[in-house]
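Engineer:
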DNA sequence: ACAAAAGTGTTGAGGATACACCCATGC
DNA sequence: GCATGGGTGTATCCTCAACACTTTTGT
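Residue numbers (the working numbering), protein chains in the order written: chain A, 1 to 229; chain B, 1 to 229.
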């Protein structure tokens, strides 16, 4: 039995995270202004290096937790970027992750401390290395996910209105949706509970609040009903 | 400007390939019997280590070429597997790739030389490390691809019958399809050319041969027509 | 009374599915 | 002449898209 693969090359493995948020208007991503070389002063995704003692998911969690202050974020491995000279300092591969967080209840202080800032997708600055490419790929993945899994709720507060949910889907899919068709579809999925409460901030009439009901969702999925918006 | 990221850990990166083929009956995968430690004598995916001087795609191509003898294989990056102890010898991450090859025109000798063998998905032996998991993931990816991109043709000879194409899709999707509906759908896509020739091996009557027409396909895609079986 | 957003159903078209019989040929 | 797989069309269902008016309430 071997003890090691001595003759093989070892490489540095970075983990970079595309963090999506939603501010009731636009889909946004969280970027940081680098305060270290290379490319100091430019905008980039948050990232870090994989440690010998952790899995990739662990590393992505650690990095996300460090910046946003919380755990149990929806997170998915996205793709590897491995161009030889993608990092000018040294040969480095990067594993991109994408994450969804509720923009409202995350820690402002941490974000300030790291010079991080939310940018709407259209207004995001150009990023270092191949990070723009990563963001593009993440958006496409997010779209595919959004229409096949109920991940949208990860981006909303616990209680939300139908209008908010619709706006979120509109900004993810980058297209206008019909109000009635959207509501009919969502109601057809039977994964929300309508609350008695109304949100009065958005209109005179007020609009009912809803909650995502994970149990209902799981039951539906078990019964073979597929989520599809 | 930095010259290196001295303090960070480096890791071994393996590339493992799930190679799919189709023998007119079943969907198959190509496996090798390992003639080296660890797990010598057991079945595994083919793989190798990433070299400092190549991208992941390069590495996957090199490994595939080495075993099958040809280049320009349809190939896709699948996922990273990074459990700490997945390889008992040493901490190793693996990037899984899946590939499609035409089972008929590949090099028998190379395959013998490497003790490689085609297994139908159901009859495949248990594999080393986390390779079974990789295969499962590859099958799911293949299914999603097959209904949204015309990758099926990569697995068939240049000229094929409708029955062959249908059988291929049936084995990828693991369900029976209706003959007439399938033909109508495929013809509706307008991406095949019907040849004058018939294949006489499968029946008395003989069945017409078709060819995938990449130009037609590209034109249709440009025009916004989506492939969907 | 009016402005501003919320809420609510129906219809029509197109795509998907289900389904059965004749054809050509080698033996 | 018969057995074998090849080829073909239609009726129905259901999903998806298009579409406009009434309600509530704060000012």
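No residue lacks a Cβ here, since even glycine has one placed at the ideal position from N, Cα and C.
Quick caveat, the model's predicted, so the values are computed rather than measured.
Would you mind telling me which residues of chain B sit closer than 7 Å to residue 8 (chain A), beta carbon to beta carbon, in chain order?
Structural biologist: Those are 12 and 49, listed as they occur along chain B.
Engineer: So the candidates are B:22, B:52 and B:109; which of them puts its Cα closest to the Cα of residue 7 (chain A)?
Structural biologist: Residue 7 (chain A) has its Cα closest to that of B:52, out of B:22, B:52 and B:109.
Engineer: Taking only beta-carbon atoms, is residue 55 (chain A) less than 7 Å away from chain B?
Structural biologist: It does: the Cβ of residue 55 (chain A) has a partner Cβ on chain B nearer than 7 Å.
Engineer: For residue 77 (chain B), report the span of its beta strand (DSSP E) as first-last.
Structural biologist: Its beta strand (DSSP E) spans residues 74–81.
Engineer: Please return the same chain residues whose Cβ sits closer than 7 Å to the Cβ of residue 211 (chain A), not counting the five positions on each side in sequence.
Structural biologist: 158, 159, 192, 193 and 195, listed in sequence order.
Engineer: Which first and last residues belong to the beta strand (DSSP E) in which residue 93 (chain A) is found?
Structural biologist: Counting along the chain, the beta strand (DSSP E) containing residue 93 (chain A) begins and ends at 92–100.
Engineer: Output, in chain order, the set of chain B residues within a Cβ distance shorter than 9 Å of residue 79 (chain A).
Structural biologist: Those are 77, listed as they occur along chain B.
Engineer: Quick check on the burial criterion: 16 or more other C-beta atoms within 10 angstroms. Buried or exposed for residue 16 (chain A)?
Structural biologist: Buried is the call here.
Engineer: Which residue comes first and which comes last in the alpha helix (DSSP H) that contains residue 188 (chain A)?
Structural biologist: That run of the alpha helix (DSSP H) goes 179–189.
Engineer: Between residue 175 (chain B) and chain A, is the shortest Cβ-Cβ distance under 7 Å, so that the two count as touching?
Structural biologist: Not one chain A Cβ lies under 7 Å of residue 175 (chain B).
Engineer: To the nearest angstrom, how far is it from the Cα of residue 29 (chain B) to the Cα of residue 174 (chain B)?
Structural biologist: Rounded to the nearest angstrom, the two C-alpha atoms are 15 Å apart.
Engineer: Given that residue 83 (chain A) touches chain B, what residues does it touch there, using C-beta distances under 8 Å?
Structural biologist: Result: 55.
Engineer: Extract the residue ranges of the beta strand (DSSP E) inside the region 139–165 of chain A, only unbroken runs of 3 or more that lie entirely within it.
Structural biologist: List check, beta strand (DSSP E) in window: 159–161.
Engineer: Tell me the residue span of the alpha helix (DSSP H) that contains residue 10 (chain A).
Structural biologist: Looking at the DSSP string, residue 10 (chain A) is not in any alpha helix (DSSP H); the run it does join, the beta strand (DSSP E), is 10–22.
Engineer: Give the interface partners of residue 52 (chain A) over in chain B, defined as CB-CB distance under 8 Å, in chain order.
Structural biologist: Within 8 Å Cβ-Cβ: 9, 11 and 91.
Engineer: From residue 224 (chain B) to residue 189 (chain B), what does the alpha carbon distance come to, in whole angstroms?
Structural biologist: If I take the Cα positions, the gap works out to 12 Å.
Engineer: Would you call the CB atoms of residue 138 (chain A) and residue 78 (chain A) closer than 7 Å?
Structural biologist: Going by C-beta atoms, residue 138 (chain A) is nearer than 7 Å to residue 78 (chain A).
Engineer: Tell me where the alpha helix (DSSP H) around residue 221 (chain B) begins and ends.
Structural biologist: From DSSP, the alpha helix (DSSP H) with residue 221 (chain B) extends over 214–222.
Engineer: Any Cβ of chain A within less than 7 Å of the Cβ of residue 65 (chain B)?
Structural biologist: Output row for residue 65 (chain B): interface = no.
Engineer: Check for me: the alpha helix (DSSP H) holding residue 116 (chain B) runs from which residue to which?
Structural biologist: Where residue 116 (chain B) is concerned, there is no enclosing alpha helix (DSSP H), although the beta strand (DSSP E) it sits in stretches over 116–120.
Engineer: So residue 140 (chain B) contacts chain A; which residues on that side make the cut at Cβ distance below 9 Å?
Structural biologist: Residues of chain A passing the Cβ test: none, with the nearest at roughly 13 Å.
Engineer: For residue 134 (chain A), does the count of other Cβ atoms within 10 angstroms reach 16, so buried, or fall short, so exposed?
Structural biologist: Classification of residue 134 (chain A): buried, given that the 10 Å Cβ count is 16 or more.
Engineer: Put residue 5 (chain B) into one of helix, strand or coil per three-state DSSP.
Structural biologist: Coil.
Engineer: Applying the criterion that 16 or more other CB atoms from any shown protein chain within 10 Å of the CB defines a buried residue, is residue 21 (chain B) buried or exposed?
Structural biologist: Buried: at least 16 other Cβ atoms inside 10 Å.
Engineer: Within the 7 Å Cβ cut-off, does residue 187 (chain B) reach chain A?
Structural biologist: Answer no: the Cβ-Cβ gap between residue 187 (chain B) and chain A never drops below 7 Å.
Engineer: Counting only the same chain and skipping the five closest in sequence on each side, list residues whose C-beta sits under 7 Å from that of residue 177 (chain A).
Structural biologist: The residues are 166, 169 and 170.
Engineer: Hey, does residue 61 (chain B) have any beta-carbon neighbour from chain A nearer than 7 Å?
Structural biologist: For residue 61 (chain B), the answer is no, since every Cβ of chain A falls outside 7 Å of its Cβ.
Engineer: Where does the unbroken alpha helix (DSSP H) through residue 58 (chain A) begin, and where does it stop?
Structural biologist: Segment 56–68, the alpha helix (DSSP H) holding residue 58 (chain A).
Engineer: Helix, strand or coil: which one does DSSP assign to residue 229 (chain B)?
Structural biologist: If DSSP states are grouped into helix, strand and coil, residue 229 (chain B) belongs with coil.
Engineer: Got a sec? Which residues, its chain only, sit under 7 Å from residue 115 (chain B) by beta carbon, not counting five neighbours each side?
Structural biologist: Excluding sequence neighbours, residue 115 (chain B) sits near 32, 33 and 35.
Engineer: Quick one: is residue 2 (chain B) near chain A, going by C-beta distance under 7 Å?
Structural biologist: Residue 2 (chain B) counts as touching chain A.
Engineer: How is residue 105 (chain B) classed by DSSP in three states: helix, strand or coil?
Structural biologist: Residue 105 (chain B) falls in the helix class under three-state DSSP.
Engineer: Would you call the CB atoms of residue 27 (chain B) and residue 121 (chain B) closer than 7 Å?
Structural biologist: It is a contact, given that the beta carbons lie within the stated cut-off.
Engineer: So what does DSSP say about residue 110 (chain B), is it helix, strand or coil?
Structural biologist: Here residue 110 (chain B) sits in helix by DSSP.
Engineer: With a threshold of 16 other CB atoms inside 10 Å of the CB of residue 209 (chain B), please say whether the residue is buried or exposed.
Structural biologist: When all chains shown are included, residue 209 (chain B) counts as buried.
Engineer: Could you name the residues of the region 93–104 of chain A whose beta carbon sits closer than 8 Å to any beta carbon of chain B, in the order they occur along the chain?
Structural biologist: Against chain B - using a Cβ distance shorter than 8 Å - the residues of the region 93–104 of chain A are 93 and 95.
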